[in-house]
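Residue numbers (this note's numbering): 2 to 140.
Glycine is no exception: its CB is placed at the ideal position from the N, C-alpha and C atoms.
So the structure is just underneath, and the comments pick up after that.
Written out as structure tokens, the structure reads:
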């Protein structure tokens with residue numbers, strides 16, 4: 002058996018003696034070489050932690066991997082623009098040319114405007130609504 006980029010696994014890719022050789026005697030051994038298919042090359046996944054998007058993409062390319070989908074989400078612990086997580090564990094082995102997705106921080110989530118408290122403007126009678134309306138549109 003041997004690896005072959007041209008033949009899938011299980012296909013006879015050579016024989017000895019060859020088919021072009023003269024007839025062989027009964028009982029003569031014929032050696033066959035069977036394809037194992039293409040050789041799969043594995044590479045180590047780099048850590049993308051602490052890298053910017055462009056640094057992470059370059060690290061993946063340098064390792065023989067392909068930057069996949071880049072997601073973004075808020076993080077209170079990772080500064081905006083830096084990698085929060087990745088789909089493949091650093092140090093794990095992946096087939097060369099595989100895609101690795103990662104997530105970039107948007108920084109801390111902005112605080113939401115506060116809602117008026119329940120005690121403000123609780124007079125929902127027609128008179129209370131008129132008072133609020135007059136206050137809002139007073140010149």
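- Straight-line spacing of the CA atoms in residue 109 and residue 82 works out to 11 Å.
- Rounded to whole angstroms, residue 46 and residue 99 show a C-alpha spacing of 10 Å.
- Taking residue 15 as the centre and dropping the five residues before and after it, the same chain places the C-beta of 34 closer than 7 Å to its C-beta, in chain order.
- The beta carbon of residue 48 sits closer than 7 Å to those of 91, all from its chain and outside the five residues before and after it, given in chain order.
- The Cβ atoms of residue 106 and residue 79 sit closer than 8 Å to each other.
- Between residue 103 and residue 73, the alpha-carbon positions lie close to 9 Å from each other.
- According to the DSSP secondary-structure assignment, residue 3 is paired through a beta bridge with 36.
- Under DSSP, residue 106 takes part in a beta bridge, and its partners are 74.
- Beta-bridge annotation (DSSP): residue 54 is not paired with any residue.
- The residue from 95, 40, 67, 30 with its alpha-carbon nearest to that of residue 4 is 40.
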